[in-house]
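Below: one structure, written as structure tokens.
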Amino acid sequence: MDETKLATVETFTFRHEAEIVRARLEAGGVIAMVQADDEGGMNPGFFADYGVRVVVNEDDIVEARDILELGADQAQDAPDRDALIDSALAVSLHPEHIAAFRAHADFVAPEECCGLLAFDRPGRVRFVYCLTNIDASRHRFTVDPTEHFRANQHAERYSWEIAGTFHSHPGGSPEPSQTDIESAGDSAWVHVVMSHDPAEKWRIRAFVIDRGAASELAVRVTDVGSLTGHEGRNDSGGSAP
Ligand SMILES: [Zn+2]
Numbered sequence: 079m080d081e082t083k084l085a086t087v088e089t090f091t092f093r094h095e096a097e098i099v100r101a102r103l104e105a106g107g108v109i110a111m112v113q114a115d116d117e118g119g120m121n122p123g124f125f126a127d128y129g130v131r132v133v134v135n136e137d138d139i140v141e142a143r144d145i146l147e148l149g150a151d152q153a154q155d156a157p158d159r160d161a162l163i164d165s166a167l168a169v170s171l172h173p174e175h176i177a178a179f180r181a182h183a184d185f186v187a188p189e190e191c192c193g194l195l196a197f198d199r200p201g202r203v204r205f206v207y208c209l210t211n212i213d214a215s216r217h218r219f220t221v222d223p224t225e226h227f228r229a230n231q232h233a234e235r236y237s238w239e240i241a242g243t244f245h246s247h248p249g250g251s252p253e254p255s256q257t258d259i260e261s262a263g264d265s266a267w268v269h270v271v272m273s274h275d276p277a278e279k280w281r282i283r284a285f286v287i288d289r290g291a292a293s294e295l296a297v298r299v300t301d302v303g304s305l306t307g308h309e310g311r312n313d314s315g316g317s318a319p
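So the sequence shown is numbered by this note's numbering: it starts at 79 and just counts up by one.
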């Protein structure tokens with residue numbers, strides 16, 4: 079490829095997302111490369127691999143975008159979350175959600191941490207619930223049922239839908255385990271799995287699990303409309319200010 083005529087198709091936070099897009103482009107007949115941003119990007123130091131770009135030959139950029147629009151962009155207009163996940167193969171997270179995942183995983187290690195994900199629109203995580211793993215195990219997790227119930231009540235107040243989990247594999251693989259696959263439940267749910275990696279700290283991947291098979295979703299990082307904190311008054315039971 080002529081380096082002077084490259085065009086950026088899309089920029090990602092995580093290399094594996096870029097690799098998924100590169101593979102999709104190559105499946106569509108467009109040669110693509112993954113390039114890491116050595117300039118630190120807009121948030122230097124926040125992500126170890128911030129600013130991973132998928133680039134193609136300038137002459138292929140229109141075709142590349144056409145190939146990708148058959149997936150992610152078209153699906154963003156779809157109102158149905160199941161349809162979005164099926165066709166877009168993407169889930170959107172705010173950087174604070176990722177920070178919350180990693181902090182909870184660190185806190186609970188060497189046991190698996192767990193929690194629930196609330197969505198405010200198809201494919202977009204709005205709130206992360208860091209909850210108790212009542213198994214207190216390094217190899218499996220069960221979300222505390224009382225906390226699960228409280229999370230449902232909280233999400234209902236904001237018209238969010240709880241439709242996903244996250245958990246960590248402190249010593250394990252970056253893939254859903256056989257136990258994860260067998261206990262996945264609703265096939266539309268998003269399962270975020272974090273594996274401990276000496277280089278990346280906690281590597282974050284997302285999957286849907288349907289009929290005994292896990293399919294990976296791209297993780298998109300967005301700064302639009304997503305916060306881990308409560309928006310309204312603190313509702314933890316204390317007296318009003
Ligand atoms: Zn697992």
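Yeah, the Cβ is synthetic: ideal placement off N, Cα and C, and Gly gets one too.
Item: State buried or exposed for Gly263, treating a residue as buried only when at least 16 other CB atoms are found within 10 Å of its CB.; Value: exposed
Item: Out of Ala214, Ser265, Glu234, which one is the CA nearest neighbour of Pro248?; Value: Ala214
Item: Return the Cβ separation of Ser170 and Val203 in integer angstroms, given the expectation that the two are a contact with Cβ distance under 8 Å.; Value: 6 Å
Item: Verify whether the separation of the beta carbon atoms of Ser27 and Cys191 is less than 7 Å.; Value: Here the chain comprises residues numbered 79 to 319, so residue 27 is not present and cannot be evaluated.
Item: Among Gly106, Ala110, Leu103, whose alpha-carbon lies nearest the alpha-carbon of Leu347?; Value: This structure cannot speak to residue 347, because the chain is shown only from 79 to 319.
Item: Should the region 186–200 be regarded as contacting the region 230–247, the criterion being three or more beta carbon pairs within less than 8 Å?; Value: yes
Item: Pick out whichever of Glu174, Ser265, Glu294, Ala183 has its Cα sitting closest to the Cα of Asp301.; Value: Glu174
Item: Starting from the N-terminal end, write out each residue whose C-beta falls within a distance shorter than 5 Å of any non-hydrogen atom of ligand 1.; Value: Ser255, Asp258
Item: I need the DSSP call for Val270, collapsed to helix, strand or coil.; Value: strand
Item: To the nearest angstrom, report how far apart Asp258 and Arg218 are at their CA atoms.; Value: 8 Å
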